[in-house]
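In this note's numbering, the protein residues as written are -8 to 243.
Backbone N, C-alpha and C define an ideal beta-carbon position, used for all residues, glycine too.
Since the model is a prediction, treat every value here as computed from it, not as a measurement.
Structure first, then comments.
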């Protein structure tokens, strides 16, 4: 383990070390692009300390947590007043714990971002298609009749309760149209999702993907690993603006 690098965090006149130690003690704050990049920088700086994996594997979590809690309250001068072996242990416990915590937080953020991008795209498309649905003459009336019949006769079979209100042919046509609209919906979601990713979120995902390591032996999730690889490959490729839609930039 790089004990010299650990000790340098609290060495006198080492502003970089003091700054990193202070940063490790701070909460990330509200999630945003700036806080995300700050956490990534923090994680990479901690990794440079060279702490080995499983450093505290033989220690109880409660003991490591106690060391971390003690270390987080100490100033650099407090560390310097302790014996060197104690100083190293406390610093290692703090840095190791924070490295794991920041990594977990970034993984959670990655998952949340992916879900947020997809959910946002679906909401936008649903809003568009709902507006289009309302423009189609007669559909609202048909749906109202169906709902009324279903509520008035909840125990009746469909053929006797609904077909007299709205003919079977009309219902079949509505089902066929709905299936066609589903294809349109999925296509619109893909387009909207790409648009969302190509702007604000594109600034957040590549740094996350480049910082985190991904491993998977399950072939069922191979498409996900391939997608991550593709995103990394084109992370630095500029996004084409609308007027450049025919450009040769590859789609991320």
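Closest Cα partner of residue 82 within the set 98, 57 and 214: One-based indexing of the chain shown puts residue 82 at position 91. Nearest of 98, 57 and 214 to residue 82, Cα basis: 57.
Nearest candidate by alpha-carbon position, reference residue 67, set 200, 96, 224 and -1: For the purposes of this step, residue 67 is taken as the residue at position 76 of the chain shown. Nearest option by C-alpha distance: -1.
Spatial distance of residue -4 from residue 7 (CA atoms): As a first step, residue -4 is located in the chain shown; it is residue number 5 there, counting from the start. As a first step, residue 7 is located in the chain shown; it is residue number 16 there, counting from the start. Approximately 11 Å between the Cα atoms of the pair.
Closest residue to residue 25 among 218, 137, 195 and 145 (Cα-Cα distance): Here residue 25 refers to the residue found at position 34 when the chain shown is read from its first residue. It is 195.
Buried or exposed by the 16-neighbour rule on C-beta atoms within 10 Å, applied to residue 89: Along the chain shown, one-based indexing puts residue 89 at 98. Under this definition residue 89 is a buried residue.
Simplified DSSP assignment, three categories, for residue 44: Looking up residue 44 in the chain shown gives position 53. If DSSP states are grouped into helix, strand and coil, residue 44 belongs with coil.
Beta-carbon spacing of residue 63, residue 16 below 7 Å: Numbered from its first residue, the chain shown carries residue 63 at position 72. Numbered from its first residue, the chain shown carries residue 16 at position 25. In this structure, residue 63 places its C-beta atom within 7 Å of the C-beta atom of residue 16.
Residue 216 in three-state terms, based on DSSP: Sequence index remark: in the chain shown, residue 216 carries index 225 (1-based). Correct three-state label for residue 216: helix.
Cα-Cα separation, residue 27 to residue 61: Taking the chain shown and counting its residues from 1, the one referred to as residue 27 is at position 36. Taking the chain shown and counting its residues from 1, the one referred to as residue 61 is at position 70. Roughly 27 Å separates the two Cα atoms.
Member of 215, 219, 206 and 202 whose CA lies at the smallest distance from the CA of residue 96: In the chain shown, counting from the first residue as 1, residue 96 sits at position 105. Ranked by Cα distance from residue 96, the first of 215, 219, 206 and 202 is 202.
Rounded straight-line distance, which links the Cα of residue 20 to that of residue 210: Reading the chain shown from its first residue, position 219 is the one you call residue 210. Reading the chain shown from its first residue, position 29 is the one you call residue 20. Roughly 37 Å between the two C-alpha positions.
Given residue 157 as reference, the closest of 133, 146 and 144 once Cα atoms are compared: Here residue 157 refers to the residue found at position 166 when the chain shown is read from its first residue. It is 133.
Residue burial classification, residue 37 (beta-carbon count within 10 angstroms, cutoff 16): Counted from its first residue, the chain shown places residue 37 at position 46. Buried.
Where residue -2 falls: helix, strand or coil (DSSP): On the chain shown, position 7 is the one that residue -2 refers to. Residue -2 sits in a helix when the DSSP states are folded into three classes.
Per-residue burial, residue 4 [other beta carbons within 10 Å of its own, 16 or more giving buried]: Numbered from 1 along the chain shown, position 13 holds the residue referred to as residue 4. A residue is called buried once 16 or more other Cβ atoms fall within 10 Å of its Cβ, and residue 4, having fewer, is exposed.
Any beta strand (DSSP E) of 3 or more consecutive residues that is wholly inside the region 0 to 66: Along the length of the region 0 to 66, whole beta strand (DSSP E) runs at least 3 residues long do not occur.
Contact check, residue 115 vs residue 84, beta carbons under 7 Å: Here residue 115 refers to the residue found at position 124 when the chain shown is read from its first residue. Here residue 84 refers to the residue found at position 93 when the chain shown is read from its first residue. No. Outside cutoff.
Where residue 145 falls: helix, strand or coil (DSSP): Within the chain shown, residue 145 is the residue found at index 154, counting from 1. It is coil, neither helix nor strand.
CB contact flag (residue 93, residue 30, <7 Å): Taking the first residue of the chain shown as 1, we reach residue 93 at position 102. Taking the first residue of the chain shown as 1, we reach residue 30 at position 39. Cβ atoms of residue 93 and residue 30: closer than 7 Å.
Backbone CA spacing between residue 14 and residue 34 [nearest angstrom]: Counting from one through the chain shown, the residue named residue 14 turns up at place 23. Counting from one through the chain shown, the residue named residue 34 turns up at place 43. Each residue's alpha carbon lies about 10 Å from the other.
Within 7 Å, strictly: CB atoms of residue 200 and residue 222: As a first step, residue 200 must be located in the chain shown, where it is residue number 209. As a first step, residue 222 must be located in the chain shown, where it is residue number 231. Against a cut-off of 7 Å, the Cβ pair of residue 222 and residue 200 comes out as a contact.
Best match in 87, 69 and 9 for proximity to residue 47 [C-alpha to C-alpha]: What you label residue 47 is simply residue 56 of the chain shown in a count that begins at 1. Of 87, 69 and 9, the residue nearest in Cα terms is 87.
Continuous alpha helix (DSSP H) stretch holding residue 202: start and end: Counting from one through the chain shown, the residue named residue 202 turns up at place 211. The continuous alpha helix (DSSP H) containing residue 202 extends over residues 196 to 202.
For residue 1 and residue 71, believed in contact at Cβ under 8 Å, the rounded distance: Counting from 1 along the chain shown, the entry for residue 71 is found at position 80. Counting from 1 along the chain shown, the entry for residue 1 is found at position 10. Sure, about 6 Å apart at Cβ, within 8 Å.
Closest residue to residue 9 among 159, 65, 50 and 41 (Cα-Cα distance): As a first step, residue 9 is located in the chain shown; it is residue number 18 there, counting from the start. Of 159, 65, 50 and 41, the residue nearest in Cα terms is 65.
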